[in-house]
Structures are given as C-alpha cells and as structure tokens.
Amino acid sequence: MTRLFLFISLLAGAILPTAAQPVSFLSPGAQIRLEAGLDAQQQFTFRVYYRGAPVVQPSAIGFELQQPRLSLRQFVVKGVDSSAVDESWEPVWGETNRIRNRYNEVRFQLQRSAAPAIRLDVVFRVFDDGIGFRYEFPEQPELNYFIVADEQTQFNFGTNATAFWIPGDYDTNEYTYTRSRLSAVNAGISHSFTEIGVKTMFHPQGVQTPLLLKTDAGLYINLHEAALLNYPAMQLVVDTARYILQSHLVPDAVGNKAYLQTPAHTPWRTLIISHQATGILNSKLILNLNEPSRIEDPSWIRPQKMVGVWWEMHVGTSSWDYRGSQAGVTGGASLPHGANTNNVKRYIDFAAAHGIQGVLVEGWNTGWEDWYGNWKENVFDFVTPYPDFDLYELHRYAREKGVQLIMHHETSASVTNYERHMDTAYRFMKKFGYDAVKTGYVGRIIPRGEHHDGQWMVNHYNRVAEKTAAYRIMVDMHEPVRPTGLHRTWPNWLTSEAARGNEFNAWSRGNPPEHETILPFTRLMGGPMDYTPGIFRIKMNHYRPGATEQVHTTLAKQLALYVTMYSPLQMAADLIENYEARPDAFQFIKDVAVDWEESHYLLAEPGDYLVVARKEKGKPNWFLGAITDEEARLFTPSLSFLPAGQQFVATLYRDAADAHWEQNPEAYVIEKFLVNAATRLRLQLAPGGGAAISFMPASADHLKRVKKYKTPR
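Quick note on the numbering used here: the sequence shown kicks off at 1308 and runs consecutively.
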C-alpha cells in the first residue's frame, strides 16, 4: 500500500469562502474542479466542472430538523481544511484485484449564522472521475440527539439531459427503466406496474438513484450515494422546468427521516462523470468511499455458482408451499412441492457432476401457505422444515457429494420476527452445514409503517451483514435497499437483488431487451446483482400452453450476462433438464469465472449495448460478453487485453444467423478458433442477442488441431 497525505489548514486568519470569492479545488489529475462557498443569502453552494466544462451549476445544501425544530440553511464559514490521499487496496473479491484510491479532500467547517450556533461540516472528496460529499455533525454543546425532518441537497444540472430512471418509491425498485429527458419525467407510470405487489410512490416527478444522465454535450453522469449507514436512502424530485434535482429522504412510520446523535454523518452523495460511457462503468469511486473490510480473516468467503429449487416455482411446475398452492404464476392449483428431499438430491447430483459449488433451496420451511399479502407478523421460524424435507439426510448427502447447500430465509417482510430469530436461525444453519443464506423481504414491512428503504430497514440490512459475518455466513439479500458499496466493508455480503430481476420474465410483461444494457450504468454502480441469468428455455408456453410470457433475450445473450452482469454469486437459474438438453451451451456456464483479476469495458452505450472482457482471478483464462438491446449490432472488438505473444483457444457462443429474441430466441452457434492479442473479432449480435467467449491458453495439441481465426470481410 502506498499512501500520501498533504494537510493544509485555512483557519480564522486565512482566506475563507465568501459570496464574492468561493474556494476552488482540483482533483489530483485536474479533471474535476469543485467550487464551493457562500452565496449572497449565506447559503452554502457548490458547483462542479469536468475538463473545464460546467456539469453542476450552483447547488444549495441544507437541513430541516424536527427536533430541535430549526433550519440549517444560512451559515458562516469557520474554517476550511484540505488534504490529499493516494493509496491502493486489494478487495476480497471483485471486478479487479487492486483498486487505486486517489482524491483531494476539502472540509468546510460551517456554523449556523443565527442562534443556536449549530456546527455542520461539509466534506468533499474530489476524484478525477467525480466527487463524493457528505455532511458531518460534530459533537457540540448545542446539538446532541436530533431528528432530521428533511435534507435539502440540490443537484442543479441546468440542462435538459437524457435520464435513465425508475419511479421514486419507498418500497420497491423492481421497475423497468424509462429513457426520457428530465423535462418528461413522470413517475405516475408506476401505476401501470400491476405485477409489483408493494409500491409507495411519493411524488409525480420522483426518481430513484442510481440515476444516469447523458447531456447533449456527450457527458455521462451517474448520481448515487455511498456507504448508506444509519440513514434513509436518498431519492430525488426532478424540477422538470429548471432541471434541478432535490434530495428526498425515505420517511419512517411517523414521517421523520432520521434519528441521530452527534457525532454523526450522512452517507456520501456521489457524482461520477465521464465523456465516455465506459468511464462510468470503470469507476471505483463508490467503493473507495466505503470503509475497509471489517472481517480480519476473509478466507471463508468464497465466490461461487449455484443451481437450485427456484425457477421451477416461477414457471409454475412446482410450489413453494407443501400443499401445492403457491407458485409464481398460479394460485390455488395443486402442484408438487419443489423442496422435497428427492428433488433437492437431483440438484445436488447435477451440481456435483458439473463442478457447481452451491444448491439453493427455496420453500423448504413451514409457513409459505400462510403469509403472502396478509401483513402477518409471526409466519416463519426459519428452523422447521416441511415433512418431505429431510434435513439430516440432505446434510449428509450434500457433504458426501462436496456440494454446499444454500439456505433461504424469506421473512415475508416481518422484520421484527426475523430479528428475533436470527441467532437461532444462523446457529441452525451452521449445524446443518449451510454457509450462505439468501434473504427475502417480500411484502409490507413490519414494524408496520416502516419502508424497505427507510432508516430502520437500512440498519436492519447492515445488522444482517454484520451478524452473518460473525457466524462466518455469506449473504445474498433480495428486496433490500439498493447497494451503496458496503460489500467493501462486509465482503460476506456477496450480492443483492434490489432491482427487477430475470424472474419477472416468467410471469409478467418481463424485462425489455434494453434492460440488461441499462442496469450496469444504474443499479450495478452500487454493487453486484443477483440477476439469475442462464435461462435456456426462453418461451413460457413450454410449461403453460398458450402462455405469452417469455425471456426477452436470445439464449446466447443469457450466456453473455455471466460476464456483463457482475456478481460473485451467480446462479445457473434454469431447470436441470433444460441444461441437460443443451450440454454444449451449458459448458460456458461451467467454465465462466465469478471472481476477477482484471475487467475491461471495451464498448458501451446505456440502453443500447455493452462489451466486457474479464480475466479470471489466479488463472490465465479470459472471458468476454457482448449484449445488445432490440437492435441487431455488429462489433469488432480488439483482443489487445490478452497477453502478447500467447495463443488462446477462443470458444465463441453466438446467435445463429436467424436468431431473434422474440421470433427465434434459442438458435445459437458454437465455434472454436485460435486467437492472440492482435486478433480483431467480428461479432454479429441478433436483435435482443449476445455473444459469450471463453479464452483458454492453447496447448501444443490445440495449435495443431484448432484453426486460426480470420476476421470475415
């Protein structure tokens, strides 16, 4: 690790920012300039420039406190401190094995201009690819316990940029994305998403973060937050006439936003800026704003792939509950219970035969028939199996086969109930050999009146991460608040859902072909996503005659998602029989890595396409994924990321010439050829299609048997 600190103190006798003379600070490489100070009304404002061009116009900050009841809007500046940091660190797992953290920091020490003279620090970290800033309330005699009624942070972009957004909502982020001008944002479209069970829209122009903007000047801007701890999630209200975005915090059951005690601080508000779409994806700014890992010995944390008893419930061939009444697409039907001993053994056998480490089992425990939509508090105890699920036998069988079972804890959003049972449930998991858990929060939160993204639930998600770490358990959270980089601090928090996943394709309007090209620029900016790719049987009429639902991709694109949709816990989500019917295509899922040493975003445009290459951690193998929206596209990526002077066997899984996400989605072709760093591929993607490639070092035998790649004209 290298570290450099430079400290400058600008105190009482030095130059302080005034209305006429704001303070200006540059990023280490002078790509970003921050200007901040007081305006004529004593409001603290900031503005941001990228390569000399304005990105954020003067934007005010402030707070309304409920207790004590007062405003923090007019200030005097008591001091300005600055420092610089340049360090490198190694993540436990991730898209790369080493991350540089380089920024200039400036701290503005503010004091309320009227009595009581409350102190508030605004801390900016200025990186070459953006900024992060947060508010800090020092320990002080004028303020101890306090309640935040609202945070008034503005982001004044001053231009009618194109936005990629989902409606602002306190309880769900499972919407598809809308691409529109800021002036056209209309969150009322949330009413059309009837397949989402719990929605709480708060404003007609409310949107969620992460939010992506693209200006007419060609700048890409990602707006989000980092290190969300003991505070509600930040959403935004768009002024569609002036293009100003105003922060909006998720309230609690009585309308307050946050309960704090000094010393206290907010999460970081983050802006990532680039003139290239790939620059947004390459940024590690959000991770760098989180604290280092609190797990001293992370050797037990293992990125992995899994199969499991899951998709069969969504397509309607089995049920979560024992009496066979609950599945993703049916109600009241008599279906076989999926989580029975023999069926789970099938998945264990399949995983063992194909080198897949984990088997997820949903619906194994009592309570599933008595919860959905009822807002009932005491549903699951997380330790009582259904009669046809033999805990002891499956523990023995999985251990014999060298496979790890993955526990599922659906809480039914009764979080008070889960909090009471967590220690018992985690001890139970360790007894029966489960080292990973998938949690779920479907429904309206209990305590009643709390929201999925409010302070109470934010604290719960972090308690789960900390407590599972204490038990050496890895966790995958579904229906939580969207991630903010906390997997750096708790690397056992492998992944989350927190967006519209692949399962919506089984029983609703589904996800449009552009969906997976937008998620990396939005939801995935805060952390990995359990998207559950790998669906081979695309159309649901295979399971339900007459069904019109389908996955809105080609089969080849489902393979490419293992590279483009980053997660250290990846599910081969389809049914066993669908993989057994196409063992040649399933080979890519077996081969592809889940932990990476290098990642290269080669080509990208949000809502259109993405091409990514990654190197497997600790091995010489490389993988490439290319995906498109509903348009057919031709890519000719260079393979210059491969080490010079080496030959690789490239196995290409691509769309067939007549493939189409809607008309012919399961048509694919597999080809093998020799390539090196000088090769330029020609990849033709079908509408809604993709391409996946593995690159393995060529042996002497390969050099004799495999043909060299020649770029087609």
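For every residue, glycine included, the Cβ atom is placed at its ideal position computed from N, Cα and C.
Note that the coordinates shown come from a computational prediction; the quantities given were computed from them, not determined experimentally.
Using a Cβ-Cβ cutoff of less than 8 Å, which residues in the same chain neighbour residue i once the five nearest sequence positions on both sides are dropped?
i	result
W1618	E1810, A1813, T1839, I1842, A1880, D1881, L1882
D1677	K1683, V1686
Q1664	R1609, Q1611, K1612, M1613, A1658, V1710, Q1711
H1582	Y1357, R1358, G1525, L1526, Y1527
E1502	F1811, W1814, S1815, R1816
I1315	Residue placement at I1315 is poorly supported in this model, since its pLDDT is 35, which falls under 50; the coordinates are not used for a value here.
Closest to residue i by CA distance: which of the options is it?
i	options	result
G1401	L1831, E1969, T1943	L1831
F1471	L1866, V1330, L1530	L1530
P1994	N1983, D1962, R2012	D1962
L1519	A1468, G1495, A1658	A1468
G1336	H1767, D1436, R1426	D1436
E1969	I1496, K2017, M1847, P1950	M1847
Q1349	G1359, L1333, Q1328, V1362	Q1328
Y1704	F1739, Y1725, W1671	F1739
D1596	N1408, A2007, R1987	Here residue 1596 turns out to be Leu, not Asp, going by the sequence shown. Comparing Cα-Cα distances from L1596 to each of N1408, A2007, R1987, the minimum goes to N1408.
R1380	V1505, A1391, R1405, F1351	F1351
Is the beta carbon of residue i sitting closer than 8 Å to the one on residue j?
i	j	result
L1341	F1464	no
P1997	A1933	Here the sequence assigns Gly to residue 1997, which means Pro is not the residue at that position. Result yes, Cβ atoms of G1997 and A1933 sit closer than 8 Å.
P1574	T1791	yes
F1689	N1647	no
R1940	Y1975	no
A1805	I1780	no
F1415	A1347	no
K1564	D1457	yes
A1571	V1765	no
F1353	S1334	no
H1621	V1668	no
A1459	G1562	As written in the sequence, residue 1459 is Gln, which differs from the Ala given in the question. Their beta carbons are not under 8 Å apart, which means Q1459 does not touch G1562 by this criterion.
P1599	R1426	no
D1936	G1914	yes
D1546	T1507	no
Y1550	L1489	yes
S1947	A1999	no
I1977	L1949	no
Excluding the 5 residues flanking residue i on each side, which residues of the same chain have their C-beta closer than 6 Å to its C-beta?
i	result
L1640	Position check: residue 1640 holds Ala in this sequence, whereas Leu was assumed. Excluding residues within five positions, none has a Cβ falling inside 6 Å.
G1674	V1686, F1687
F1930	V1870, V1899, R1921, S2001
Y2016	F1980, V1982, T1986
P2019	R1989
N1885	F1843, R1844
Is residue i helix, strand or coil by DSSP?
i	result
M1308	Summary for M1308: the model assigns pLDDT 39, below 50, so the residue's position carries little reliability, and this model does not support an answer.
P1827	helix
R1488	strand
S1378	strand
N1769	helix
Y1527	strand
K1846	strand
E1700	helix
K1922	strand
D1656	helix
H1758	coil
M1736	helix
N1595	helix
V1722	helix
S1316	With a pLDDT of only 36 at S1316, under the threshold of 50, the placement of this residue in the model should not be trusted, and no figure is reported.
M1541	strand
V1651	helix
L1990	strand
Y1442	strand
G1495	helix
Under the DSSP definition of a beta bridge, which residues are partnered with residue i?
i	result
Y1916	E1912, T1935
N1408	E1394
Y1452	Q1568
N1463	Q1364, I1551
R1961	V1976, A1998
T1796	Its beta-bridge partners do not exist; DSSP assigns none.
D1881	Paired residue(s): none; D1881 is not in a bridge.
Q1954	DSSP output for Q1954 lists no bridge partner at all.
R1689	Position check: residue 1689 holds Phe in this sequence, whereas Arg was assumed. For F1689, which the question treats as bridged, DSSP gives no partner whatsoever.
Among residues of its own chain, excluding the 5 on either side of residue i, which ones have a beta-carbon nearer than 7 Å to its beta-carbon?
i	result
A1802	One point to set straight first is that residue 1802 is Thr, not Ala, in the sequence displayed. Once the five neighbours on either side are set aside, the close Cβ partners of T1802 are D1783, P1835, M1836, D1837, S1874, P1875, L1876.
Y1908	T1585, L1588, N1589, V1919
V1505	D1478, T1479, G1750, R1751
At a threshold of 7 Å, does residue i count as lining the ligand HEM (C-beta to nearest heavy atom)?
i	result
F1980	The ligand content of the structure shown is nil, which means the ligand HEM is not present either.
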